[in-house]
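Here is the structure we will look at, set down as structure tokens.
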Amino acid sequence: MSLGAIGAGITIIGAALGIGKIGASAVEAIARQPEAGGKIQTAMIIAAALIEGATFFALIICLI
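Taking this note's numbering, the leading residue of the sequence shown gets 961, the next gets one more, and so forth.
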């Protein structure tokens, strides 16, 4: 197994943990303040997209 594959796996695990934490925190925040649900959801989607973008670039670098 090459180091690129190991790096790609670590990248995916990190992204999954980060997005999971964002989702859990957003659900807790919406449960505490339902009236702010729209703003919380927007911030959650933006943060998840940034993590996915960084993950995509890391995967490209690992696999090249």
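The beta carbon of each residue, even a glycine, is placed where N, CA and C say it ideally should be. Quick caveat: nothing in here was measured; it's all calculated off a predicted structure.
As assigned by DSSP and simplified to three states, the class of residue i
i, result
"Ile1011", "helix"
"Ser962", "coil"
"Ile1006", "helix"
Rounded straight-line distance, which links the Cα of residue j to that of residue i
i, j, result
"Ile970", "Ala1018", "10 Å"
"Ile1024", "Thr1015", "14 Å"
"Ile972", "Ala1003", "22 Å"
"Glu988", "Gly1013", "25 Å"
"Ala996", "Ile990", "7 Å"
"Gln993", "Ser962", "47 Å"
"Gly983", "Ile1020", "25 Å"
Sequence-distant residues of its chain with Cβ nearer than 8 Å to residue i (five each side left out)
i, result
"Gly1044", "Absent from the structure is residue 1044, since the part of the chain shown begins at 961 and ends at 1024."
7 Å CB neighbourhood of residue i in its chain, flanking five on each side removed
i, result
"Cys1022", "Gly964, Gly967, Ala968 and Thr971"
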